[in-house]
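Q: Input: one structure, supplied below.
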Amino acid sequence: MKHKVVFKSIGTVLCIEAASMLPSLVVALINHEKAAIAFALSIGIIAAIGAALMRIKTPISRIFTRDGFAIVSLSWILVTLFGTLPFLLSGSIPSFIDALFETASGFSTTGSSILTDVEALPKSVLFWRSSTHWLGGMGILVLMIAILPSVSASTINIMIAESPGPAPGKVVPKIRETAKILYSIYIFMTAVLVVLLLAGGMPLFDALIHAFGTASTGGFSSRNAGVSAYNSVYIEAVITIFMFLFGVSFTLYYMILKRDIKSVLRDEELRFYVGVVAAAIVLIVLSINGTVYRSLGESVRYASFQVSSIITTTGFATADFNVWPTFSQIILILLMFLGACAGSTGGGIKCIRVILLLKIIKREIAKLNHPRAVQTVRINGRRVEEETLSGVMAFFFFWMLIIAASSLLVSLEGKDPVTSVTAVIASISNIGPGLGLVGPMGNYAGLSALSKVVLTICMLVGRLEIYPIMLLCLPSFWKRSSI
């Protein structure tokens with residue numbers, strides 16, 4: 001690992017984090033909040049440390065795979081740690097563990113919270129809380145690549161480490177242009193959502209907060225009751241649609257702009273994603289219609305919102321699905337594992353990996369019938385390399401192993417199994433609400449410090465998809481590279 005290159009890059013990321021606090025400082029000044037001092041101090045501290053790291057002189061500009069993983073994992077850890085400063089210095093969240101949990105939940109776009117009364121917080125703190133969502137959605141490092149002219153073409157290794165999915169790539173030959181395109185689409189879609197929410201009568205501040213939470217598939221709200229506080233079918237419909245849209249790979253949106261509609265419609269992951277959402281809505285509607293809700297319209301309204309929210313790992317809730325039939329709850333749990341499309345802002349295992357796992361199973365069954373036949377796995381007509389298939393299987397194994405180990409640790413405080421297990425699943429899949437005590441009408445405030453630390457790690461591991469964080473545990477990873 002090239003230590004100077006890594007720390008110089010981290011310095012740049014910290015400066016971006018400091019700059020991202022400026023809008024929150026403006027909000028504090030407009031509303032004459034004491035939190036303005038907290039933001040001013042936080043910006044000063046983070047900018048000073050970032051600037052000092054950026055002054056590190058290094059003749060090496062090329063970033064290799066190991067360096068990319070180091071930059072991403074260490075940047076996310078440090079950004080999360082420094083992101084706690086506004087909460088701590090303003091006194092909004094006096095406990096460091098709680099502030100760390102809330103900040104990690106924000107940047108990882110999980111949406112879990114230890115706050116029981118968000119409306120009591122200063123608006124500037126709420127704005128920063130949701131800003132962490134929006135920054136974490138597309139990725140802070142991708143933003144760095146997009147806006148800085150000094151980064152080299154080798155930063156594809158940073159994008160590989162930070163982007164969700166088994167095989168992120170370029171939409172255009174230059175990686176910096178790819179990052180610009182992705183962020184431009186992200187900004188445009190967020191802006192459109194803000195306008196539509198304003199059209200539904202939502203105040204500007206609330207529209208920004210909920211747009212940040214929807215675009216990043218994060219789920220933080222400025223209201224204690226969340227989206228349901230507005231009791232608006234229009235607002236729920238708009239957010240339902242946009243949650244679904246932000247769960248689609250952004251590469252497909254670029255293909256739409258290039259008018260390559262046929263390739264988009266043939267995309268296997270998109271068709272799988274749409275099919276699962278449609279099937280889940282139909283099954284849940286059949287389960288809750290006449291039992292939980294009296295009318296078909298109500299059943300469709302709440303089922304579609306929750307399915308879109310859970311599969312995209314947004315975590316918004318307009319209904320207490322803790323009281324839904326067990327059949328519906330099991331469907332939601334399965335959606336928690338599944339997640340959205342690779343290359344989207346959603347979390348979870350990702351649809352593409354599930355498709356590949358199903359094709360691997362199909363191939364193994366076919367081998368039993370035709371042992372000598374050469375069976376290949378294809379996606380969108382293209383052959384998938386065996387190395388990629390092995391990586392998908394290893395990822396799934398690691399994912400399940402982490403869930404099992406974390407569930408055991410969380411269970412030490414004696415909560416019921418449903419609460420313990422779904423809290424872990426909701427954290428590593430970056431969803432937010434689970435079932436039981438951490439359901440849509442509850443939160444994570446009642447958990448112990450140990451559980452909060454475990455879940456914080458799960459959130460970061462889930463957002464970075466395991467390997468960048470796991471590599472930090474290897475002593476060989478820290479050895480200085482001679483190249």
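Oh and the sequence shown: position 357 is 357 in this note's numbering, straight run, nothing missing. Ideal Cβ placement from N, Cα and C applies to all residues, glycine included.
1. Could you give the first and the last residue of the continuous alpha helix (DSSP H) run that contains residue 15?
2. Counting only the same chain and skipping the five closest in sequence on each side, list residues whose C-beta sits under 6 angstroms from that of residue 149.
3. Could you say which of 190, 87 and 107 lies nearest to residue 118 if we only look at CA atoms?
4. Which value, in whole angstroms, describes the spacing of the CA atoms of residue 447 and residue 265?
5. Please determine, among 271, 70 and 383, the residue with the shortest C-alpha to C-alpha distance to residue 474.
6. Between the stretch 253-260 and the stretch 214-222, do at least 3 Cβ pairs fall closer than 8 angstroms?
7. Looking at residue 328 and residue 337, is the spacing between their C-beta atoms short of 8 angstroms?
8. What residues in its chain sit with their C-beta under 7 angstroms from that of residue 230, if we drop five residues either side in the sequence?
9. With a threshold of 7 angstroms, establish whether the CB of residue 185 neighbours any heavy atom of the ligand ZN.
10. What does the alpha-carbon distance come out to for the pair residue 170 and residue 391?
11. With DSSP collapsed to three states, give me the class of residue 379.
12. Please give the ranges of any alpha helix (DSSP H) in the stretch 393-438, keeping only runs that are unbroken, at least 4 residues long and fully inside the region.
13. For residue 293, does the three-state DSSP call read helix, strand or coil?
14. Does residue 290 pass the burial test, meaning 16 or more other C-beta atoms within 10 Å, or should it be called exposed?
15. Quick one: complete alpha helix (DSSP H) runs, 4+ long, within the stretch 196-272?
16. Could you check what DSSP says for residue 373 in three-state terms: helix, strand or coil?
17. Using only alpha-carbon positions, find the residue among 44, 33, 32 and 11 that is nearest to residue 21.
18. Can you tell me whether DSSP reads residue 76 as helix, strand or coil?
19. Tell me the residue span of the alpha helix (DSSP H) that contains residue 134.
20. Report the rounded CA-to-CA distance for residue 36 versus residue 436, giving the unit in angstroms.
21. Mind reading off the beta-carbon distance from residue 10 to residue 78? Whole number of angstroms is fine, and I expect it under 8 angstroms.
22. Specify the secondary structure class of residue 34 as computed by DSSP and reduced to three states.
23. For residue 98, which of 67, 468 and 450 has the nearest alpha-carbon?
24. Looking at residue 280 and residue 368, is the spacing between their C-beta atoms short of 8 angstroms?
25. Return the CA-CA distance between residue 93 and residue 102, expressed in angstroms with no decimal places.
26. Put residue 94 into one of helix, strand or coil per three-state DSSP.
27. Residue 429 and residue 313 look like a contact to me (Cβ under 8 angstroms); what is the Cβ gap, rounded to whole Å?
28. Closest to residue 442 by C-alpha separation, out of 382, 226, 468 and 263, would be which residue?
29. Once DSSP output is grouped into helix, strand and coil, what is the label at residue 281?
30. Determine the burial state of residue 400: buried for a count of at least 16 other Cβ atoms within 10 Å of its Cβ, exposed for fewer.
31. Alpha carbon to alpha carbon, how far is residue 377 from residue 199? Give it in angstroms, no decimals.
32. Which stretch, first to last residue, makes up the alpha helix (DSSP H) that contains residue 467?
33. Give me the Cα-Cα distance between residue 468 and residue 296, rounded to the nearest whole angstrom.
34. Check for me: the alpha helix (DSSP H) holding residue 458 runs from which residue to which?
A: Short version:
1. Segment 3-20, the alpha helix (DSSP H) holding residue 15.
2. Caution applies to residue 149, whose pLDDT of 49 falls short of 50 and renders its modelled position unreliable; the model cannot decide the point.
3. Out of 190, 87 and 107, 87 has the C-alpha closest to the C-alpha of residue 118.
4. Looking at the backbone, the Cα of residue 447 and that of residue 265 are separated by about 45 angstroms.
5. Scanning 271, 70 and 383 for the CA closest to the CA of residue 474 turns up 70.
6. The stretch 253-260 is not in contact with the stretch 214-222.
7. No, the Cβ-Cβ distance between residue 337 and residue 328 is not below 8 angstroms.
8. Answer for residue 230: 202, listed in chain order.
9. You won't find the ligand ZN in this model; it holds no ligand whatsoever.
10. Legend: pLDDT at residue 170 = 48, less than 50; position of this residue unreliable, no value from coordinates given.
11. Strand at residue 379.
12. Counting only runs that start and end inside the stretch 393-438, the alpha helix (DSSP H) elements of at least 4 residues fall at 417-428.
13. Reduced to three states, the DSSP call for residue 293 is strand.
14. Exposure of residue 290 is indicated by the presence of fewer than 16 other C-beta atoms within 10 angstroms of its C-beta.
15. You should have 204-215, 233-246, 250-257 and 261-266.
16. The three-state secondary structure of residue 373, taken from DSSP, is coil.
17. 44 is the residue among 44, 33, 32 and 11 whose C-alpha sits nearest the C-alpha of residue 21.
18. In the structure shown, residue 76 adopts helical secondary structure according to DSSP, grouped into three states.
19. If you look at residue 134, you'll find it in the alpha helix (DSSP H) that goes 123-138.
20. C-alpha separation (whole angstroms): 37 angstroms.
21. Sure, about 6 angstroms apart at Cβ, within 8 angstroms.
22. When DSSP states are grouped into helix, strand and coil, residue 34 belongs to the coil group.
23. Checking every option, the nearest Cα to that of residue 98 belongs to 450.
24. Cβ distance not < 8 angstroms, so residue 368 and residue 280 don't count as in contact.
25. Between residue 93 and residue 102, the C-alpha separation is close to 9 angstroms.
26. Correct three-state label for residue 94: coil.
27. Here residue 429 really is in contact with residue 313; their C-beta atoms are around 6 angstroms apart, less than 8 angstroms.
28. Selection 382, 226, 468 and 263 evaluated against residue 442 yields 226 as nearest (Cα-Cα).
29. In the structure shown, residue 281 sits in a helix (DSSP, three-state: H, G or I).
30. When all chains shown are included, residue 400 counts as exposed.
31. Distance between the alpha carbons of residue 199 and residue 377: 47 angstroms.
32. Looking at the DSSP string, the run of the alpha helix (DSSP H) that includes residue 467 is 467-471.
33. Near 46 angstroms, if we compare the C-alpha coordinates of residue 296 and residue 468.
34. Secondary structure note for residue 458: its alpha helix (DSSP H) is the uninterrupted segment 449-463.
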